[in-house]
Amino acid sequence: MDPLLAFGFWAYVLTVAGVYAVFVLGLQVQLGDAGLLNFGHVAFMAVGAYATGLMITNGVPMLIAIPCAVALAALFGVLIGLPTLRLRGDFFAIVTIAAGEILRIIIQNRQDETGGTLGLRRASGSWRETNNTILDWFSGRGIELDRRVPLLVITWVVAVLVALLLRHIGRSPWRRALRAVRENEDAAAAVGKPVFNLKLQALALGAAIAGISGVLFTLLQTSLYPENFEPIVTFIGFSILILGGIGSYFGVVVGSIIIAFIISGVRFLDFPLEADKVAALRYVVVGLLIMGMMAFRPQGIFGKREELHLDG
Amino acid sequence: MDELLQTTINGLASGSIYALGAVGLSLVYAILKLVNFAHGDFMTLGGYAAFVVNVTWGLPLVVSVLGALVVVAALGLLTEAAIWRPMRERGAGVMQLLLLSLGFSFVLRNLILFAWGGETRTLRVDNTSSYDLGIVRISLLQVIVIVVSAVAMVAVALLLRRTYVGKSMRALSDSFALAEVSGINTRRVVTYTWILGGGLAGLAGFLATIFTVLTPQTGWVLLLGIFAAIILGGIGDPFGALVGGLTLGLVQEWSTMVFAPTYKEAVGFAILILALLFRPNGLLGHATRTG
Amino acid sequence: MAESSPTILEVDDLRRHYGGVRAVDGASFTVQRGSITSLIGPNGAGKTTAFNLLTGFARPDTGRVVFEGSDVAGHRSDRVARRGMVRTFQLTRVLGKMRVIENVMLAAQQQPGERFVTAFLPTRWRSREEEIRHEAAAVLEQVGLSEKAEDYAATLSGGQRKLLELARALMARPRLLMLDEPMAGVNPTLGREILASLDRLRHETGLTVMFIEHDMDVVMDISDEVIVMGEGRVITQGTPDAVRSDQRVIDAYLSGGSGHE
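Protein chains in written order, with my numbering: chain A, 16 to 327; chain L, 8 to 298; chain F, 2 to 262.
As structure tokens, this is what we get:
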């Protein structure tokens, strides 16, 4: 089969890209706006995903579980931020990655509740039935959709809504204060800006957005495994951010599609190589992209060089 | 008591590997202000270099150590010439270099995966012998790891304190600009830094390989623990990195007396977080004047 | 009521040691409301450290900092600023990645849109934002930076950065404005103009100004009161004429001049 015609496959790749886009929009708020180098971002996604999955598998209706999961992710952000936001930038990065790893190890070990390495099955609950209902509704009107289309649409609607929301508050005095904090905390404090609270708010907002990506991830994958939330996910997020441009919400969207294509998409192109060698080369390309961007265009494709702050 | 002694020995061995990795990373950071996210993968490459020498070529284990040292030191120098020096000359910031090294870690790790595949590899080493010391058992591998690390640490300490190169390195770590003005050949010192830091990474990779198994992920997985060791010891202080590494190894192994061993790593990271909150300048650090 | 007291700031036995260095070693002084008070002393006298301790950028070991009737010693810097004590820095901290006008607008107080939840509701902050923009333009005019308003602050020269810091501090509508060497690097004519406008401001709005300065002509010319520090303590406080003829001050300048701020 010609891979370029395999619609279902491309729908899957684009859905993955959408989940990443939401995930990285959270990072954008933290790094691009507040200058917080959060290397443990995947933990907030894990909270969103596992909170959804655990509530749904324990009988909580999906429409209640989802907002609760997002709120829990934000709360987790506050919890991490309260003791650590006063630390130096590079220490903060290490602490967040450590906190994320602690959470993942706990999830892995609490097999009775989370399924551990065996996975949390049917974490998306009745989503499959809901999806079928949607498909039936369309086919009743003579439109035959691929079974992956509804989630693809939902994911990108969410991604665009989150991006619009961020752009909406992007012009606010709140974000101006946040950018001041990012660049020089003393300067912001000297004119009365509550530095600590602003950073905490940005961290929690980014965490909530990552929580949303965790919810979408759960719907996409239906089963959750601890290895879905290894630090590498955060770093793929950073590649997207760097590629699209730190500070640019639109850049996140484009970066997500490019990276998702490289990581998931090239699987379908025909290389005369074994599968794991191709897998390795994909990440070599991602790494080279990060390096090339950092060396020659640190503001990314869409970022503004004048507003880029990478000295923190 | 037996259990305490046994876990102490285990902790010293695994702590030695953290410490070796940490001292190398710490040196590079202190002198070049580079938070090198590829350091773990430097270690991995050392492991594979040893694997090639020892298994593919069938040479003795001792020769394979040399292979690890030389290859990783050479990689350090190569990246210095190709990446880090040009970037420094263009005035790149700390975070820019950090993210660049993150990209390089992707490249290196996956090139290793590409070249050798994902299978676990082992060196031709006696991994069954152990000595019964009455109340505790110590394996031959643990003896090798602890002794080799101790010798390497003493050598590094002597080098830093007694030799001209070592003293120049310390001068550079205080102030690169000042050292340059005072007539130190900074370029040469940077070269030695990469040889030493890379060599230590190669050695740490070799020891990690014989102590556990070798996969393309070996060093990357150890990296967070190595960062933890550096922060525990106080950033930029090679002696502190040694203390931090040993502390981390010991605490992780001791924790197995209380928690399931699968929580070992989590305990290490928890210690890191607590240390940062209560002793942000490291276990040995002193408060400094700010503002 | 404290607000109407003639003393706006009362500092009592302020101390801060760094390792073995007694940067500020029992400093006490007062600042009168509506005055221009200068803080002088040889290098290493502890002037900048004193500023840091007063404005919350460093924690005093002991001592009281009574600002408008309440002790703010050890309070966080942003809280001190919101109370009305606003400082500039000797080494300027302009926000280079933001435009000049944004730097100034940032400092405005009472902008509800700076709160997280309100930020989502532009109707609640847009009109105030317009006011702020006009006010910021006026302040920039006052310091002579109008033409630079839309430039990124990183493009400013050293002297212009000093002026931008001053503009930002003024924009915060302080009751006590603390300037750390505001004239350093600024064109002297412009410097004089700005001092004159500060003088005008205090008559119009009751602003109190405290500043660290090395140019004795400027100090003696404009100050109502001069505080002299040496080796972490206050040597004397008085009118420019009284201070000028004080033998202890002359001694301090002759023996001092070494060490660091």
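Every residue, glycine too, gets a C-beta built ideally from N, C-alpha and C.
Because the structure is a prediction, the values reported are computed rather than measured.
Interface partners of residue i on chain L, CB under 8 Å
i: valine 110 of chain A; result: Leu279, Ile280 and Leu283
Contact set between residue i and chain F, taken where Cβ atoms lie within less than 8 Å
i: glycine 96 of chain A; result: Neighbours of glycine 96 of chain A on chain F: none; closest Cβ ~13 Å, over 8 Å.
i: aspartate 201 of chain A; result: Phe58, Ser78, Phe90 and Arg94
i: glutamate 198 of chain A; result: Leu96, Gly97, Lys98 and Met99
Endpoints, the alpha helix (DSSP H) within which residue i is located
i: glycine 256 of chain L; result: 245-262
i: arginine 128 of chain L; result: Element bounds for arginine 128 of chain L: n/a, residue is neither H nor E.
i: aspartate 218 of chain F; result: 217-223
i: leucine 34 of chain L; result: 9-39
i: threonine 206 of chain F; result: 189-206
i: glycine 64 of chain F; result: Element bounds for glycine 64 of chain F: not the alpha helix (DSSP H) but the beta strand (DSSP E), 63-68.
i: serine 254 of chain A; result: 246-259
i: threonine 233 of chain A; result: 210-236
Rounded Cβ spacing between residue i and residue j (contact assumed at less than 8 Å)
i: valine 1 of chain F; j: isoleucine 41 of chain F; result: A question about residue 1 of chain F goes unanswered here, because the residues of chain F that appear run from 2 up to 262.
i: leucine 208 of chain F; j: arginine 176 of chain F; result: 7 Å
i: isoleucine 224 of chain A; j: leucine 40 of chain A; result: 5 Å
i: arginine 129 of chain F; j: glutamine 112 of chain F; result: 6 Å
i: alanine 202 of chain A; j: leucine 96 of chain F; result: 6 Å
i: alanine 273 of chain L; j: glycine 252 of chain L; result: No, alanine 273 of chain L and glycine 252 of chain L are not in contact; Cβ-Cβ is about 18 Å, not under 8 Å.
i: alanine 36 of chain A; j: alanine 174 of chain A; result: 4 Å
i: alanine 32 of chain A; j: valine 62 of chain A; result: Contact flag wrong, Cβ pair sits at about 22 Å.
Residue i to residue j span [Cα, whole Å]
i: valine 150 of chain L; j: isoleucine 202 of chain L; result: 26 Å
i: arginine 177 of chain L; j: threonine 170 of chain L; result: 11 Å
i: leucine 11 of chain L; j: glutamate 260 of chain L; result: 9 Å
i: methionine 59 of chain L; j: histidine 46 of chain L; result: In the sequence on display, residue 59 of chain L carries valine and not methionine. Approximately 20 Å between the Cα atoms of the pair.
i: isoleucine 142 of chain L; j: isoleucine 278 of chain L; result: 29 Å
i: glycine 240 of chain L; j: leucine 32 of chain L; result: 13 Å
i: glycine 226 of chain A; j: phenylalanine 59 of chain A; result: 5 Å
i: arginine 83 of chain F; j: threonine 119 of chain F; result: 19 Å
i: glycine 270 of chain A; j: serine 29 of chain F; result: 58 Å
i: glutamate 103 of chain F; j: arginine 191 of chain A; result: 8 Å
i: glutamate 232 of chain F; j: asparagine 44 of chain F; result: 9 Å
i: threonine 15 of chain L; j: valine 34 of chain A; result: 45 Å
i: arginine 286 of chain L; j: arginine 77 of chain F; result: 21 Å
i: isoleucine 133 of chain F; j: methionine 106 of chain F; result: 6 Å
i: arginine 162 of chain A; j: leucine 150 of chain A; result: 7 Å
i: alanine 26 of chain L; j: proline 241 of chain A; result: 28 Å
i: valine 57 of chain A; j: glutamate 245 of chain A; result: 7 Å
i: arginine 95 of chain L; j: glutamine 91 of chain F; result: 28 Å
i: valine 152 of chain L; j: glycine 226 of chain L; result: 16 Å
i: phenylalanine 113 of chain L; j: glutamine 224 of chain L; result: 11 Å
i: glycine 262 of chain A; j: glycine 114 of chain F; result: 20 Å
i: threonine 297 of chain L; j: phenylalanine 106 of chain A; result: Its pLDDT being 37, under 50, threonine 297 of chain L is placed unreliably in this model, and the value from its coordinates should be taken loosely. Cα-Cα distance, rounded: 17 Å.
i: valine 230 of chain A; j: serine 139 of chain A; result: 9 Å
Boundaries of the beta strand (DSSP E) in which residue i is found, first to last residue
i: threonine 209 of chain F; result: 209-213
i: histidine 121 of chain F; result: Note on residue identity: the sequence assigns phenylalanine, not histidine, to residue 121 of chain F. Where phenylalanine 121 of chain F is concerned, there is no enclosing beta strand (DSSP E), given that its DSSP letter is neither H nor E.
i: histidine 18 of chain F; result: 8-19
i: alanine 28 of chain F; result: 22-33
i: aspartate 79 of chain F; result: Taken as a continuous stretch (DSSP letters only), aspartate 79 of chain F belongs to no beta strand (DSSP E), being part of the alpha helix (DSSP H) at 78-84.
i: aspartate 139 of chain L; result: 137-139
i: serine 146 of chain L; result: 144-146
Under 7 Å by beta carbon: chain L residues contacting residue i
i: phenylalanine 250 of chain A; result: Leu109
i: proline 313 of chain A; result: Gln103
Amino acids of chain F, ordered along the chain, whose beta-carbon sits closer than 7 Å to that of residue i
i: isoleucine 184 of chain A; result: Ala120 and Phe121
Residue i: contacting residues in chain A (beta-carbon distance under 9 Å)
i: alanine 184 of chain L; result: Under the 9 Å cutoff, chain A gives no residues; its nearest Cβ is about 17 Å from alanine 184 of chain L.
i: phenylalanine 49 of chain L; result: The contacting residues do not exist; phenylalanine 49 of chain L stays about 14 Å from chain A at best.
Within chain L, partners of residue i - CB distance below 9 Å
i: aspartate 291 of chain A; result: Leu120, Phe121, Gly124 and Gly125
Contact list for residue i against chain A, beta-carbon separation under 8 Å
i: tyrosine 254 of chain F; result: Within chain A, no residue comes near tyrosine 254 of chain F; the closest Cβ sits about 30 Å away, beyond 8 Å.
Chain-ordered chain A contacts of residue i [CB-CB under 7 Å]
i: alanine 88 of chain L; result: Going along chain A, no residue has its Cβ under 7 Å from alanine 88 of chain L, so there is no contact; the nearest lies around 14 Å.
i: tyrosine 153 of chain F; result: Glu321
i: phenylalanine 117 of chain F; result: Trp189 and Gln216
i: glycine 114 of chain F; result: Ser187, Pro188 and Trp189
Contact test: residue i Cβ vs the ligand GDP heavy atom, cutoff 7 Å
i: arginine 312 of chain A; result: No copy of the ligand GDP appears in this structure; indeed no ligand is present at all.
Residues from the segment 70-87 of chain F in contact with chain A, defined by Cβ distance under 7 Å:
Ser78, Asp79, Ala82, Arg83 and Val87
Given a limit of 7 Å on CB to CB distance, which residues of the segment 204-221 of chain A reach chain F?
Ala204, Ala205, Val206, Gly207, Lys208, Pro209, Val210 and Gln216
Using a Cβ cut-off of 8 Å, which residues of the segment 153-181 of chain F contact any Cβ in chain A, in chain order?
Tyr153, Ala155, Arg169, Ala170, Met172 and Ala173
Using Cβ-Cβ distances below 7 Å, what residues of the segment 32-55 of chain F are close to chain A?
none
Quick one: which residues of the segment 251-272 of chain L get their C-beta closer than 8 Å to a C-beta of chain A? List them in chain order.
Ala267, Thr269, Tyr270 and Glu272
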